[in-house]
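Participant: Mapped onto numbering that gives the first Met the number 0, the consecutive letters of the sequence shown carry residue numbers 0 to 216.
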Amino acid sequence: MHTVIKLYNDELSGNCYKLRLFMALIDLPYERIPINFYPGREHKSAAFLKINPFGQLPVIDDGGYVLRDAQAILFYLATRYDPEQRWLPADAQARGRVALWLAVAEDITRSASAARLHDAFAYAFDIEACRSVAHRLFAHIEDHLADGEILGDEWLAGRRPTIADVACFPYIALAPEGGIPLDRYPALRRWIRRVKALPNFIGMPGIFAAGIDPQPF
Ligand SMILES: N[C@@H](CCC(=O)N[C@@H](CS)C(=O)NCC(=O)O)C(=O)O
């Protein structure tokens with residue numbers, strides 16, 4: 000019998016939310032194991048370091064197969080639990096484009112997410128450097144999405160939503176919490192609305208589902 004996937008999770012973590020969102024989108028059941036990131040710092044506890052020596056969330060345990068890193072986990076879940084390959088296309092070039100945007104998601108974590116950790120969780124990061132890297136990335140993504148819209152490619156890796164969009168979405172949508180407003184990125188704001196309109200979309204604290212956003216874009 001297949002045991003249910005365990006997600007080591009904090010509700011305020013955008014990296015954990017990537018996985019909660021994806022598992023909601025593909026309707027995959029899972030169980031949340033709460034790890035208090037702030038202020039508990041449970042991700043640095045001896046017990047959790049045995050699960051992930053890097054001391055980071057998220058981690059999954061799928062019947063004894065333990066995997067860390069949100070992007071790696073998205074890749075695994077899409078490969079194993081989306082047999083129609085809607086979210087991770089089989090075509091080599093399309094798959095290469097998805098991999099590229101998974102790498103960009105990590106750059107977004109190191110800049111926009113770090114700015115949010117600084118502002119909301121009192122992390123001692125160089126806030127100006129984080130914001131300026133995030134703005135450079137967002138300007139590039141803005142151009143990519145605006146160019147794509149002209150050709151009918153409304154998603155980061157082309158015509159259909161993929162795990163690339165799921166990986167990049169949380170920390171772009173949460174960027175204002177790190178003092179990175181999105182006013183100058185209209186194509187990014189349109190893409191955020193498209194993600195929020197996906198069937199089975201779920202939000203998290205700071206990211207509201209379409210229609211109930213207190214400050215609609
Ligand atoms: N590359 C990792 C980064 C994960 C990450 O930065 N997680 C945060 C929580 S959202 C964390 O655990 N930070 C603690 C640390 O880096 O020491 C991923 O994508 O999962």
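The beta-carbon is built from N, C-alpha and C at its ideal position, and this holds for glycine as well.
Please report the Cβ distance between N8 and I34, rounded to the nearest whole angstrom; I am assuming they are in contact, meaning their Cβ atoms lie under 8 Å.
Facilitator: In the sequence shown, the residue the question calls residue 8 occupies position 9. In the sequence shown, the residue the question calls residue 34 occupies position 35. Indeed they touch by this definition, with Cβ atoms about 7 Å apart.
Participant: Check the C-beta distance from A111 over to Y170 and give it rounded, since I have them as a contact under 8 Å.
Facilitator: As a working mapping, residue 111 is identified with position 112 in the sequence shown. As a working mapping, residue 170 is identified with position 171 in the sequence shown. Yes, they are in contact, since the Cβ atoms of A111 and Y170 sit about 5 Å apart, within 8 Å.
Participant: Where does R96 fall in DSSP's three states?
Facilitator: Locating residue 96 in the sequence shown gives position 97, where the first residue counts as 1. Looking at R96 - three-state DSSP - the assignment turns out to be helix.
Participant: Does ligand 1 have even one heavy atom less than 8 Å from the beta-carbon of F53?
Facilitator: For this step, residue 53 is matched to residue 54 along the sequence shown. Flag set: Cβ of F53 near ligand 1.
Participant: Is it true that the stretch 124-138 meets the stretch 63-77, where meeting means three or more beta-carbon pairs spaced less than 8 Å apart?
Facilitator: No contact exists between the stretch 124-138 and the stretch 63-77.
Participant: What residue ranges within the stretch 118-161 form continuous alpha helix (DSSP H) runs of no fewer than 4 residues, ordered along the chain?
Facilitator: Taking only runs of at least 4 residues, the alpha helix (DSSP H) segments lying wholly in the stretch 118-161 are 126-150.
Participant: Answer yes or no: the CB of K49 versus the heavy atoms of ligand 1, is any distance below 8 Å?
Facilitator: The residue you call residue 49 lines up with position 50 of the sequence shown. False, no ligand heavy atom lies under 8 Å from that Cβ.
Participant: Can you give me the start and stop residues for the beta strand (DSSP E) that K43 sits inside?
Facilitator: Position 44 of the sequence shown, counted from the first residue, corresponds to residue 43. That residue, K43, is in no beta strand (DSSP E); it is neither H nor E in DSSP.
Participant: Is R19 near ligand 2, in the sense that its beta carbon is under 8 Å from a heavy atom of that ligand?
Facilitator: Ligands present in the displayed structure are limited to ligand 1, and ligand 2 is not among them.
Participant: Whose C-beta lies closer than 6 Å to the C-beta of T2 among residues of the same chain, with five residues either side of it excluded?
Facilitator: Locating residue 2 in the sequence shown gives position 3, counting from the first residue. Once the five neighbours on either side are set aside, the close Cβ partners of T2 are G62.
Participant: Rounded to whole angstroms, what is the Cα-Cα separation between P215 and P88?
Facilitator: Residue 215 sits at position 216 when you count from the first residue of the sequence shown. Residue 88 sits at position 89 when you count from the first residue of the sequence shown. Interpretation of P215 is limited by its pLDDT of 49, a score under 50 that renders its predicted location unreliable; the figure taken from the coordinates is listed afterwards. Roughly 32 Å separates the two Cα atoms.
Participant: The alpha helix (DSSP H) spanning V194 covers which residue range?
Facilitator: The residue given as residue 194 occupies position 195 in the sequence shown. Segment P185 to K195, the alpha helix (DSSP H) holding V194.
Participant: For the stretch 54-111, which segments carrying the beta strand (DSSP E) assignment without a break, of at least 3 residues, lie completely within its bounds, in sequence order?
Facilitator: Listed in chain order, they are 58-61 and 64-67.
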